[in-house]
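Numbering-wise (UniProt numbering), the sequence shown opens with residue 1 and increments by one.
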Amino acid sequence: MQKKYFSKYKEPFIALPNLVEMQLNSFSWFLKEGLKELFQEFSPINDYAGKEFFLEFLDYIVEEPKYDEYYAKANNLSYEAPLKIRVRLTKKDTKETKEQEVFLADMPLMTTHGTFIVNGVERVVVSQLARSFGVYFTMNVVRGRKLFGAKIIPNRGAWIEIETDIDNAIYVRIDRKRKIPVTAFLRIFGLKDSKDIEKTFTKTDNGEFNYIKKTLEKDESLNIDEAYVEIYKRIRPGEMATVENAKEILGDMFSSSRYDLSAVGRYKFNQRLGLSLDSVKKAPKILSAEDLTAVVSEVINLNNNPEAQPDDIDHLGNRRIRAVGELLQNQLRVGMARMRRNIQDRMSTLDPDILTPFNLINSRLFSAVLKKFFTTSQLSQFMNQKNILDELEHLRRLSALGPGGLTKERAGFEVRDVHISHYGRICPIETPEGPTIGLVVHLASYARLNEFGILETPYRRVKNGVITQETVYLDASEESKYNIAHSNILFDKEGRIVDEEVEARAHGQPHIVSKNKIDFIDVAPQQAFSIATSLIPFLEHDDANRALMGSNMQRQAVPCLRSEAPLVATGAEGRAARDSGRVVVAEEEGKVVGVDAASVKIKNKSGKEKIYPLVNFLRSNDFTVLHQRPIIDIGSDISKGQIIADNSSSENGQLALGQNVTVAFLSWSGANFEDAIVLSRRLVEDDKFTSVHIEEFSMDVRDTKLGPEITTYDIPNVGEEKLKNLDEEGIVRIGAEVRAGDILVGKISPKGETELTPEERLLRAFFGEKARDVKDTSLRMEHGKQGRIVGIKVFSRDKGHKLEVGVIKQIHIEVVQIRKISVGDKLSGRHGNKGVISRILPTEDMPYLEDGTPVDIILNPLGIASRMNIGQILETHLGFAAYKLGYQAICPSLNGATDEEIKDEMRRAGWPADGKVLLYDGRTGEAFQQKVTVGSIYMMKLSHMVEDKIHMRSVGPYSLITQQPLGGKAQGGGQRFGEMEVWALEGYGAAYTLQEMLTIKSDDMLGRTGAYEAIVRGEKIKPPHLPASFHVLLYELRGLCLDVDLET
């Protein structure tokens, strides 16, 4: 389809980057650099005495994986490769060395699209948004005076907090222990003499209050030895404080083995205090006397400046990203520390003559930590796979939660709020609506991580009012020094800014700035937003709350049977589909020589053939279907990077999550009250919103104490009708249609025998052992589900599959279900305009246009004014013009079509400029009184489907304590008849109904048994008894030593 671009100004200065590069780059760094750093940090390992042995880690290798990701997924295995390390053990006295290669662990590998496969399940490691290491200046108001302090936060080691007291002395706390005068702390870092200390601060300490002089007066120590003792007394109260002891403990506390600022910490430290940023990576990562004097000087300067403000801890300059590589490295550091202790223990206990590296290293300690991280960490998450946008945005998610982060309960409003420094780095729109709002956020489209894990965003440099070709990436701290214009300002072909004064962010604040003072310009209008938000056309006309819903609901869209790209798109759809890794891209140019459902065969220029396998009906984590279909023909010429196969959520290489439908905004006999949606049966018949879902049911065959369980079709007390689809192993055949209660796998388990009577023993002695009793433990189709069998996987211990202890065989059955759209399903547009289908009308009853065309969907016009999402109306108008004229309209967010452009397109399509036409009622054939807005809108079917939610109960399980029915669909529970419902029946005076609800339909055990028997016999139902919950209350009161008797 031809594309027509509606953009007020120009194309973005740079194209969108690879959207999953943060994950890929971080894991690549981990394999190449992160592991090397980790092994160097722990090498060499000496024995406890440090006299006999030492062990060195020389080199490591990550070998090739045993199998590819698709095989791993199909067979419930992990996609991993062996990690081996070369180790040298040296005997100190004889210098004798032994070198060996030792297996450490199976290292999970990242797939090409940024995920991990663990035990056959696709998982994502979400990046953590954490406070950066370095120095922060804080403020405390005491008696109307602003008193400043500082916090030095290292990557590893003790926290140092400096604070100014109301008596004008400056104190320091180490790890939140008792405070110490800062001068005593400076002494142990080399400023021994009081005169030296005073001399160091003469330039800064010259305000109204003399802070250093006051601190020296409070300082009981006069030399370095006394300072060591004073500090030791504060941090280890109650222990014997000797100079030697204190020097050893404190020296160790701030040595490189225990204290590490890290490269990031050193960079942020130097950046904040205006120290040199050259060769930061090589600079020492421990604190020096110069560092501490710089911090104390800054505290004094802030105290002397009445206008001074503390550092903003929510500013992105003070936060950084811990991506998958760093998270893994931190986790493995714990494993290495455990392994070091174990190695040192073995060095001292094993016979020195038989010591080898292999004997010393217990790799289980390392691999256990690795396994724990991928399976139980809060940041290693089950991947969202409702559609490819859902996958992509999960990979680009940032979380402030997790180990070392915040918790939902403790996080306040400030940390959740949108901050000015988020611009171009974190999306201000896309975040969950629940308790994690603002704590779970998404990367903006153009954002990237620098080497320190700090978020950067690109800008074009502007010189003397002319936009240059130079692209510069700035972090949030650097950005606040410049004047930056928005990309929507007017400029000519040579890049000269037209207006003399333009809107810009001047040092982080909105201002009008002269064009000659502009330093940079944004690279694209949608630079501030995430990919999901960038997919909303006319975003600038939507309220932010509705845009948030629109962004989130696109991720919940279920792929339809026939994907359809939107008629009104934003231009980001192609990049989103490509970078998800789920479409097939040609690696080199050539000619197509073979195409079928399973693969595409391309012959390159040198005559070599390359086969691209296609995925067919693969179950996703969210039970939707991952399916690839070729979009090229035999004989087609293919260029490098061309998309050759679509997937279930794309069309011609563009993201396609819904369907283009004809919409009318009018109320229809109350059927679209409260956002309900009226739908035409045509959409059901044409399978417009039909989706395919695959669910997996599994069963273990175990070896029990009474004997092994057996899968068989010979199941006791089951009729032939139920067994017709089972094979001799008792497994249902592929292609069979199954409904609720049907047997998927027939299985019998041995039943415990009861004590035999003397007669039975006599008979057994005569006739041998009689057949033991077995019970039917077959796997049956769950209540309320149906479908067709499409896949069977049998994992057996005999065939070498790894299974849990006690499991002989594991059987997985895949059932596919085709779901047509139905009443109760949830639909949504891209502007947060969501609703539930209330009625599906015959096509002839739907309102129709003058030419007889019936509309597909009726939305309530009252759902627009109060929600302030006018974008859907503009999309409706332009969508209809695009449909009539046969093109796809490209409207980038914040840079889309103007009102005049839309009106022009409407006129060209032969449609009224206001988009309103005369509509006729399909039931009566009469025209509606007023003209109605009719057009084309893009609607998506969401994963909240009525089929998953509808539930009914007649007889089901009861709670053991209260004897009331359980709640919820999963438990086969009933509907809660609560306090308010009781009021409703009381209000109507429905005494018998009320009594029935609170007794025999609930927890009157005797009553409900009697009622059932009476109904069976056709007798009158007897009066109810006391409910069980009343007895529970009596027992609880008796438990409180209250003797309560019931008198009836």
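Don't be surprised by glycine CBs; every beta carbon is placed ideally from N, CA and C.
Inset, instruction - Taking only heavy atoms of the ligand FMN into account, decide whether any of them is closer than 7 angstroms to the Cβ of K268. - result: Annotation note on the ligand FMN: not contained in the displayed structure, which lists no ligands.
Legend entry - C-alpha gap between K517 and Y423, whole angstroms: 20 angstroms
Legend entry - Same chain, Cβ closer than 6 angstroms to D856, five either side skipped, listed in chain order: V661, T662, S680 and L683
Legend entry - Status (buried if at least 16 other CB within 10 Å, exposed otherwise) for Y988: exposed
Inset, instruction - Answer yes if the region 909-927 comes into contact with the region 941-956, meaning at least three C-beta pairs across the two stretches below 8 angstroms, and no otherwise. - result: no
Legend entry - Rounded straight-line distance, which links the Cα of D543 to that of S255: 54 angstroms
Inset, instruction - Apply the 10 Å Cβ neighbour rule to T993 and answer buried if 16 or more other Cβ atoms are within range, or exposed otherwise. - result: exposed
Legend entry - I864 and I858 closer than 8 angstroms at C-beta: no
Inset, instruction - State the Cα-Cα distance for the pair E393 and R562, rounded to the nearest angstrom. - result: 23 angstroms
Legend entry - Neighbour flag for S620 against chain E, beta carbons, 8 angstroms: No chain E is part of this structure, which consists of one protein chain only.
Legend entry - Residue from I361, D314 and F373 whose Cα sits closest to the Cα of N330: F373
Inset, instruction - Would you mind reading off the limits of the alpha helix (DSSP H) that contains S26? - result: E21 to W29
Inset, instruction - State the Cα-Cα distance for the pair V807 and K799, rounded to the nearest angstrom. - result: 13 angstroms
Legend entry - Start-end ranges of the beta strand (DSSP E) lying completely within the region 601-652, minimum 3 residues: 609-613, 628-630 and 643-647
Inset, instruction - Kindly list the residues whose CB is nearer than 6 angstroms to the CB of M1, restricted to its own chain and excluding five residues on each side of it in sequence; keep chain order. - result: Q888
Legend entry - Contacting residues, own chain, Cβ-Cβ under 6 angstroms from R788 (five flanking each side not counted): E737 and V816
Inset, instruction - From the DSSP output, read off the bridge partner residues of A664. - result: I858 and V934
Inset, instruction - Using DSSP bridges, identify the partner residues of D260. - result: R156
Inset, instruction - For P181, write down the residues that DSSP places opposite it in a beta bridge. - result: Y171
Inset, instruction - Please confirm whether H507 and S480 have their CB atoms less than 8 angstroms apart. - result: yes
Legend entry - Same chain, Cβ closer than 8 angstroms to V264, five either side skipped, listed in chain order: S132, F133, G134, N155, R320, F452, G453 and I454
Legend entry - Cα-Cα separation, D106 to L328: 14 angstroms
Inset, instruction - Put N488 into one of helix, strand or coil per three-state DSSP. - result: coil
Inset, instruction - Would you kindly work out how many angstroms separate the C-alpha atoms of M952 and I818, rounded to a whole number? - result: 22 angstroms
Inset, instruction - Take L109 as the anchor and find which of K32, V593, F201 and E290 has the nearest alpha-carbon. - result: K32
Inset, instruction - Quickly, what does DSSP pair H442 with across the bridge? List them, please. - result: R397
Inset, instruction - Determine, using beta-carbon pairs with one atom in the region 300-314 and one in the region 203-216, whether at least three such pairs fall under 8 angstroms. - result: yes
Legend entry - S132, DSSP secondary structure in three states: coil
Inset, instruction - Name the one or two DSSP bridge partners that K747 has. - result: T711
Inset, instruction - Check whether the region 549-560 touches the region 689-700, counting contact only when three or more Cβ pairs, one atom from each stretch, lie closer than 8 angstroms. - result: yes
Inset, instruction - For the alpha helix (DSSP H) holding residue 1059, just list the boundary residues, first then last. - result: Outside the shown range of the chain, which is 1 to 1048, sits residue 1059, and nothing can be said about it.
Inset, instruction - Measure the alpha-carbon distance for A586 versus H442 and round it to whole angstroms. - result: 30 angstroms
Legend entry - Rounded C-alpha distance that separates S279 from W29: 20 angstroms
Legend entry - Exposed unless 16 or more other CB atoms sit within 10 angstroms - verdict on M240: exposed
Inset, instruction - Return the bridge partner residues of Q888 from the DSSP annotation. - result: K3
Legend entry - Contacting residues, own chain, Cβ-Cβ under 6 angstroms from T111 (five flanking each side not counted): E69
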